[in-house]
Amino acid sequence: MISIVIPIYNEAETLPLLYSRLMTVLPALQDKCEVIFVDDGSSDQSLSIMSGYVRENESIRVLKLSRNFGHQAAITAGLKNAAGDAVIIMDGDLQDPPEELPQFIEKWREGFDVVYAIREKRKEGVLKRMAYHNFYRILDLVSDIKIPLDSGDFCVLDRKVVNVLNNELPENIRFVRGLRSYAGFKQIGIRYERHGRAAGEAKYTYKKLIKLALDGIFGFTLLPLKMATYSGLFVAVSSLIIGLVFLMARFFNFPIFGTHVQDVPGFTTLAVGGFFLGGIILLFMGVLGEYMGRIYIEVKQRPLYIVEQVIENRQPSISVNN
Ligand code: UDP
Ligand code: MG
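This is how it looks when you write it as structure tokens:
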């Protein structure tokens, strides 16, 4: 069986089109399919529309989260509840076209454990495109593991990988595309043209995007912390050298930049030095704070999401599994 996990947050406008395009494509997957819509606390008609689909179609299930937990948490909830031998993750706004799925599944059948999509020709605005572009390159530069450039969450995961994500990687702050790379196994990227949204506004606000970017970076590298050490070292060593030079200038009475040390109040040097050091210290206190905050969140071990209700249309039968 193949599971398709689709996080949905206020997508009432796109759902009908998504549903009809999905239903047209599913037969081409040549396997039994289940669709899991994860309702991430939608406040529009999304839930009732999806409940309608459940009534008319047994292969649809809706996982209603108790509030908006965010895209990554919604995906995680879907993965936990998917039963398929392969699990597809895709967005609900048709930016990931369902028509690509047969070729993804084809690769999975060939033996790849992770088939991820590489986004080409994005349809977002210039600013967002540039931000994405740079983010993936920075992440690649600093991250300890190789996370493919421009790959989003759109992918097929083999059961093996889903089990690893569900059971072996319990961390709370989730950057799914990074964890997916971390898991390893046989991975392949497929290029696809990322479409514009079918309807409605992006549900990722800039605030959410920045949070995602920071989770990606702080979750996969300690480099910012190391930078504190390196720049601390650099500032300390250079101050030592500068200090020695000034001391010598004082005692042997030679000029620096044409003036004698004892004649100058030295305000500029002190002010610039002070501001510079203050800036660096504040910056790295912020970095420390980012890591500490993340440790705090992980330590609290709060659930990543809360499932309020599972809406499904199963014939009552004796369960064999449990
Ligand atoms: N989404 C979600 N919870 C959120 C934000 C988004 O479940 O808090 C869903 C949304 O409904 C969509 C997918 O995640 O199916 C991607 O969201 P969006 O299109 O806003 O992201 P973008 O395409 O801008 O990256
Ligand atoms: Mg989108």
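Sequential numbering from 3 applies to the sequence shown in my numbering. Even glycine gets a Cβ: it sits at the ideal position worked out from N, Cα and C. No experiment lies behind these values; they were computed from the predicted model shown.
Cα-Cα separation between residue 207 and residue 134, rounded to whole angstroms: 14 Å
Inspect the CB distances between the stretch 205-225 and the stretch 108-119 and report whether three or more fall short of 8 Å. no
Taking residue 72 as the reference, which of 10, 171, 165 and 160 has the closest Cα? 10
Going along the chain, which residues of its own chain have a beta-carbon closer than 6 Å to the beta-carbon of residue 324, five neighbours each way excluded? Here the model assigns residue 324 a pLDDT of 47, short of 50, so the residue's position is not dependable and the matter cannot be decided.
Within the continuous beta strand (DSSP E) that includes residue 67, where are the two ends? 62-67
What's the call for residue 2, buried or exposed, on a 16-neighbour Cβ count within 10 Å? In the structure as shown, the chain starts at 3 and stops at 324, and residue 2 therefore has no counterpart that could be examined.
What residue range does the beta strand (DSSP E) around residue 256 cover? Note, residue 256: premise wrong, no beta strand (DSSP E); not H, not E.
Can you look up residue 195 in the DSSP assignment and give me helix, strand or coil? strand
Rounded separation between residue 248 and residue 230 - CA only: 26 Å
Should residue 68 and residue 308 be called a contact, given that it needs their Cβ atoms to be closer than 9 Å? yes
Whose C-beta lies closer than 6 Å to the C-beta of residue 39 among residues of the same chain, with five residues either side of it excluded? 8, 10, 52 and 64
Ignore the nearest five residues each way along the sequence and tell me which others in residue 114's own chain have a CB closer than 6 Å to its CB. 188 and 190
In the DSSP assignment, what are the bridge partners of residue 5? 36 and 89
What's the C-alpha gap between residue 198 and residue 270? 53 Å
Using the beta-carbon count (16 or more within 10 Å), is residue 95 buried or exposed? buried
Unbroken alpha helix (DSSP H) runs of length 4 or more, entirely within the stretch 117-148: which are they? 128-144
For the putative contact between residue 49 and residue 66, defined by C-beta atoms under 8 Å, what is the C-beta separation to the nearest angstrom? 6 Å
Look at the alpha carbon of residue 89 and the alpha carbon of residue 214, and state the distance between them as a whole number of angstroms. 22 Å
At what residues does the alpha helix (DSSP H) containing residue 313 begin and finish? That residue, residue 313, is in no alpha helix (DSSP H); its beta strand (DSSP E) goes 309-314.
Option nearest residue 33 by Cα separation, candidates 15, 22, 5 and 21: 5
Would you mind sorting residue 156 into buried or exposed? The rule is 16 or more other CB atoms within 10 Å of its CB. buried
Within the continuous alpha helix (DSSP H) that includes residue 22, where are the two ends? 17-27
Please find out if some non-hydrogen atom of the ligand UDP comes closer than 8 Å to the beta-carbon of residue 64. no
With residue 15 and residue 204 assumed to form a contact (beta carbons below 8 Å), what rounded beta-carbon distance in angstroms separates them? Between residue 204 and residue 15 the Cβ distance is about 13 Å, and since that is not below 8 Å, they are no contact.
Given a threshold of 16 other Cβ atoms within 10 Å of its Cβ, counted over all protein chains shown, does residue 105 qualify as buried or as exposed? exposed
What is the C-beta distance between residue 145 and residue 223, in whole angstroms, given that I count them as a contact (C-beta under 8 Å)? 5 Å
Quick one: is residue 97 buried, meaning 16 or more other Cβ sit within 10 Å of its Cβ, or exposed? buried
Sorry if obvious, but does the Cβ on residue 205 come closer than 8 Å to a heavy atom of the ligand MG? yes
Within 9 Å of any Cβ in chain B, is that where the Cβ of residue 247 sits? In the structure shown, chain B does not exist; there is a single protein chain.
Taking only the alpha-carbon atoms, compute the straight-line gap between residue 284 and residue 275 and give it to the nearest angstrom. 14 Å
Return yes when the C-beta of residue 95 is under 8 Å from any heavy atom of the ligand MG, and no when it is not. yes
Rounded to the nearest angstrom, what separates residue 294 and residue 227 at their Cα positions? 11 Å
Within the continuous beta strand (DSSP E) that includes residue 158, where are the two ends? 153-160
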